[in-house]
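A.B. asks:
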Amino acid sequence: MRIALASGDGIGPEIMAATLDLFRAAGVDRMLEFVPVEMGRHVFEQGNTRGMTDEAVRTVEECGILFKGPMETPKGGGGKSINVTARKMWSAYANYRHFRTLPGVRTPFSHLDLDFAIVRENVEDTYGGIEHRVSDDVTVCKRVISAPGTDEVMRFAFDTAQRMGFGTVHCGHKANIMKLTDGMFLERFKAIAAGYPGIATGDVIVDALCMNLVMKPQQYRMVVLPNLQGDIVSDLAAGLVGGLGFAPSANIGSNISIFEAVHGTAPDIAGKGLANPTALVLSGLMMLRHLGLVRHAATIENALLAALESGVHTGDFGDPSVPAVGTAEFTQGIIRRLGSEPRTVKPAVAPSGGTDSVTAVPPVRPAEPIVMHTFTGLRKEIVGVDMYLDGKMPAKETAADLERLCEGSPFRLSLISCRGTQVWPRGSVFTECVDYWRARFELRDGMTAAQPEAVALMAKVTQRHVVTEYALLRTFDGVRGYSMAQGQ
Ligand code: NAI
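Take the position in the sequence shown, starting the count at 1, then add 4; the result is the number in this note's numbering.
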């Protein structure tokens, strides 16, 4: 099977060379062909704002697997993170990170023998990067959580928990505050969990989760979270087992998956031969297992554990009384132990007998972009419209003006809020306001309306105000599909 290979920037080429040396020594190159692709800093520098060539895109889409080193995100100039672009454009929707206490890697939590996983939704949430400046003083970011997108992640999480023997899966969220977006994430967690009766479930608010992870991390086996919360919690989790140098990551999609270390390009040590390749090696082992090469993965993992246990370490970790080695010597320390098993920790096991074979297959190219559905055919009724206004006028005067503008329409002005807090008709003079208001119009008693009436009202409002956004208020099978303002 062919694997697209991008070494990355900074320490990327050093740790990738080390990982491939180790894989070669273990015979992985007899099963896999690594095909180099052009991605990263040098591609951005050629003026390509995507950071990857068309040829690279084609190769990744043919192979279905990308093994990559860290890549630098250009600062300013419109270039977006290549890592986020890759995950999103290839729908690598589940970010899976497995955290274990490793021998020779001392942390305040070493005695707990941790072994747990974080699954982070990888495509949606605020990582859509849908942002606008809407007034002199205000910027906004749109947060997207979809039912089918969440379902894919939940199915991956529960399938993985089942395969790995994690008996419990928790959902981390903030549904107490973001009742619709995180509410949907939690609701889909519960719906998908119903299909896995053998796995216990729980849910935990993300702030409490952070405290619990520091106070009693062993109570969790797998936690699944929305994108931004998962991003933060998974770095916290990495800290529990020794930091980013030991945090592997798999970005799993239905067609294309990406395997990479969690850490960045470490510009401070790049080119010095000092980098620790462990996280990339562990990411590579996730890739080998994903492809079906479970015996090769177990052999390499045991050699790595045996090396760590013997005190072989790079400068970023380990016993300070034992001299640190560079990347090449560290890698040789692992290669020399291929065939050995660790003595102080449980060795990795692979099914006995038989030989390894690649069970994954390259993706079949769909004829058109894929459209997913979870719910269809819900009865949707318009009950109002929110308009967002860029304006300096205080709420009371804006309200008087808007009330005049909606005379004769099916809608009445029901509230004005600022930064999500109601300031008209009720509110507190202590509520600090900025130059960006939400005006909520709701149907007058006994009236009905379709979109043209809402748009006609907006057209009238635009004669005297700048409307930056418009959002329909609708019910879905009778259930309100919008949030209330704080204080409403
Ligand atoms: P970083 O992870 O590159 O470095 C943070 C600290 O950890 C530095 O002191 C570094 O020397 C150390 N470190 C990281 N990996 C190490 C390793 N394998 N061995 C030994 N020490 C290691 O994070 P930073 O400095 O915030 O980001 C640098 C660049 O990396 C930025 O351009 C950023 O955009 C990019 N980046 C790329 C990622 C990816 O490609 N997946 C992820 C995170 C950052």
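Glycine included, every Cβ here is placed at the ideal spot set by N, Cα and C.
Look at the alpha carbon of A161 and the alpha carbon of T402, and state the distance between them as a whole number of angstroms.
C.D. replies: Near 49 Å, if we compare the C-alpha coordinates of T402 and A161.
A.B. asks: Any residue with its C-beta under 5 Å from a non-hydrogen atom of the ligand NAI counts. Can you list them all in chain order?
C.D. replies: Going along the chain, the residues that qualify are P74, M75, E76, T77, N87, G249, H267, G268, T269, A270, D272, I273, A279, N280, D320.
A.B. asks: Quick one: what's got a C-beta closer than 7 Å to V88's C-beta in the same chain, skipping five residues either side?
C.D. replies: Cβ within range, chain order: Y131.
A.B. asks: I'd like to check one pair, V64 with G55: are the Cβ atoms closer than 8 Å?
C.D. replies: No, the pair does not count as a contact, with Cβ atoms beyond the cut-off.
A.B. asks: In terms of alpha-carbon separation, which member of L116, G275, A60, G108 lies closest to A90?
C.D. replies: The option with the nearest alpha carbon to A90 is A60.
A.B. asks: Please state if the CB of G277 and the CB of A332 are separated by a distance shorter than 8 Å.
C.D. replies: Result yes, Cβ atoms of A332 and G277 sit closer than 8 Å.
A.B. asks: Quick check on M20: buried or exposed, where buried means 16 or more other Cβ atoms within 10 Å of its Cβ?
C.D. replies: It counts as buried.
A.B. asks: Can you list, in chain order, the residues of its chain with a C-beta nearer than 8 Å to that of P152? Leave out the 5 residues immediately preceding and following it.
C.D. replies: Once the five neighbours on either side are set aside, the close Cβ partners of P152 are M376, H377, T378.
A.B. asks: Going by the beta-carbon positions, is the gap between G44 and G12 smaller than 8 Å?
C.D. replies: In this structure, G12 lies closer than 8 Å to G44 by Cβ.
A.B. asks: Note down, in chain order, each residue of its chain lying with its Cβ closer than 6 Å to the Cβ of V123, except the 5 sequence neighbours on either side.
C.D. replies: Excluding residues within five positions, the ones whose Cβ falls inside 6 Å are A98, Y100, A161, V228.
A.B. asks: Does the Cβ-Cβ distance between E313 and P346 come in under 8 Å?
C.D. replies: Result yes, Cβ atoms of E313 and P346 sit closer than 8 Å.
A.B. asks: Using the three-state DSSP reduction, which class does H317 fall into: helix, strand or coil?
C.D. replies: Three-state result, H317: coil.
A.B. asks: Using the C-alpha atoms, what's the distance from D239 back to G176?
C.D. replies: Straight-line Cα distance between these residues: approximately 15 Å.
A.B. asks: Enumerate, from N- to C-terminal direction, the unbroken alpha helix (DSSP H) stretches of 4 or more residues contained entirely within the stretch 147 to 180.
C.D. replies: DSSP runs (the alpha helix (DSSP H)) wholly in the stretch 147 to 180: 151 to 168.
A.B. asks: Going along the chain, which unbroken runs of the alpha helix (DSSP H) with 4 or more residues stay wholly within the stretch 345 to 412?
C.D. replies: Correct list: 399 to 409.
A.B. asks: By Cβ distance below 8 Å, which residues in the same chain neighbour A489 in space, the five residues on each side in sequence not counted?
C.D. replies: If we look at A489 and ignore the five residues flanking it on each side, its Cβ neighbours are L419, S421, G424, T425, Q426, R442, R444.
A.B. asks: Counting along the chain, where does the alpha helix (DSSP H) carrying L248 start and finish?
C.D. replies: Counting along the chain, L248 falls outside any alpha helix (DSSP H), and DSSP gives it neither H nor E.
A.B. asks: Determine the direct distance from the alpha carbon of C145 to that of E411, and round the result to whole angstroms.
C.D. replies: Distance between the alpha carbons of E411 and C145: 32 Å.
A.B. asks: Is the distance from the Cβ of A307 to the Cβ of I338 below 8 Å?
C.D. replies: Cβ distance < 8 Å, so A307 and I338 count as in contact.
A.B. asks: Among N126, D25, D163, which has the Cα closest to the Cα of P201?
C.D. replies: Residue D163 is the option with its Cα nearest to P201.
A.B. asks: Within its chain, find whatever has a CB closer than 6 Å to the CB of P230; leave out the 5 residues flanking it on each side and keep chain order.
C.D. replies: Here the set comprises E125, D129, F189.
A.B. asks: Does E125 come out as helix, strand or coil in the three-state DSSP assignment?
C.D. replies: Strand.
A.B. asks: Quick one: give me the first and last residue of the alpha helix (DSSP H) that N216 is part of.
C.D. replies: 210 to 219 is the extent of the alpha helix (DSSP H) around N216.
A.B. asks: In angstroms, rounded to a whole number, what distance separates the CA positions of W94 and I86?
C.D. replies: Their backbone Cα atoms lie some 12 Å apart in a straight line.
A.B. asks: Measuring alpha carbon to alpha carbon, tell me which of E37, Q222, L184, L26 ends up nearest R117.
C.D. replies: As written in the sequence, residue 117 is Asp, which differs from the Arg given in the question. Closest option to D117, Cα to Cα, is Q222.
A.B. asks: Measuring CA to CA, which of G14, R28, A10 is closest to T335?
C.D. replies: The shortest C-alpha separation from T335 is found at R28.
A.B. asks: Going by CA-CA distance only, name the one from V157, I203, E156, V142 that's closest to R167.
C.D. replies: It is I203.
A.B. asks: In whole angstroms, what separates the C-alpha of P40 from that of K79?
C.D. replies: Computed Cα separation, rounded: 25 Å.
A.B. asks: For a test of the three-state rule: what should DSSP assign to R423, helix, strand or coil?
C.D. replies: Coil at R423, not helix or strand.
A.B. asks: Closest to C214 by C-alpha separation, out of K178, L284, D405, R192, would be which residue?
C.D. replies: Out of K178, L284, D405, R192, K178 has the C-alpha closest to the C-alpha of C214.
A.B. asks: Report the option in V148, E191, M182, A121 whose CA atom is closest to the CA atom of G169.
C.D. replies: Looking at the Cα atoms, A121 is the closest of the given residues.
A.B. asks: Output the boundary residues of the beta strand (DSSP E) element that contains N99.
C.D. replies: Here the beta strand (DSSP E) through N99 covers 98 to 104.
A.B. asks: For a quick check, are the C-beta atoms of L217 and L244 less than 8 Å apart?
C.D. replies: Yes, these two residues count as a Cβ contact at 8 Å.
A.B. asks: In chain order, what are the residue ranges of uninterrupted alpha helix (DSSP H) at least 4 long that sit wholly in the stretch 275 to 330?
C.D. replies: The stretch 275 to 330 contains these whole alpha helix (DSSP H) runs: 282 to 295, 298 to 313.
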